[in-house]
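See structure below.
Shown next, in the form of structure tokens:
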């Protein structure tokens with residue numbers, strides 16, 4: 141029962157941090173996504189069920205074009221790829237791969253994010 145209460149508390153805190161993703165500045169959005177990635181990494185057992193619903197929002201942030209936000213979103217996707225069970229990850233791949241390649245569309249983005257995207261895809 142105590143562990144169940146802790147899981148509910150972690151999910152509540154996760155949802156509170158999630159509110160920062162709609163922040164006014166790219167710095168706030170980036171910080172919120174990095175915090176979510178860290179929470180997911182540390183408390184994956186309690187939060188893993190929220191990831192499939194959250195990934196489309198993270199993919200939308202990657203389309204923003206802001207380097208700071210893209211970098212933190214790539215970090216979140218990397219953590220999600222490591223922590224998600226293989227079956228769930230395989231189901232998300234059709235939407236994940238195009239979203240990961242989006243920052244690499246232009247020449248500058250390709251050079252900047254190529255290694256980060258490669259790590260996530262591998």
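Numbering (our numbering), first residue to last: 141 to 262. We put the beta carbon where it would ideally sit given N, CA and C, even for glycine.
Proximity to residue 201 across 190, 189 and 215 peaks at 215, based on C-alpha coordinates.
In terms of CA proximity to residue 240, 217 leads the group 207, 164, 217 and 149.
In the displayed model, residue 153 falls within a helix according to three-state DSSP.
When 231, 213 and 150 are compared, the shortest CA-CA separation from residue 179 is found for 150.
Here the region 162-169 does not lie against the region 179-193, with fewer than 3 beta-carbon pairs under 8 Å apart. Boundaries of the alpha helix (DSSP H) harbouring residue 215: 207-223, taken from the DSSP string. By the CB criterion at 7 Å, residue 160 and residue 172 fall inside the cutoff.
Within the same chain, Cβ atoms closer than 8 Å to the Cβ of residue 176 are found at 154, 157, 158, 161, 194 and 216, the five residues on either side in sequence being excluded. Residue burial annotation: residue 236 is buried, with at least 16 other C-beta atoms found within 10 angstroms of its C-beta. Within the same chain, 170, 173 and 174 come within 6 Å of residue 212 by CB-CB distance, once the 5 residues on both sides are set aside.
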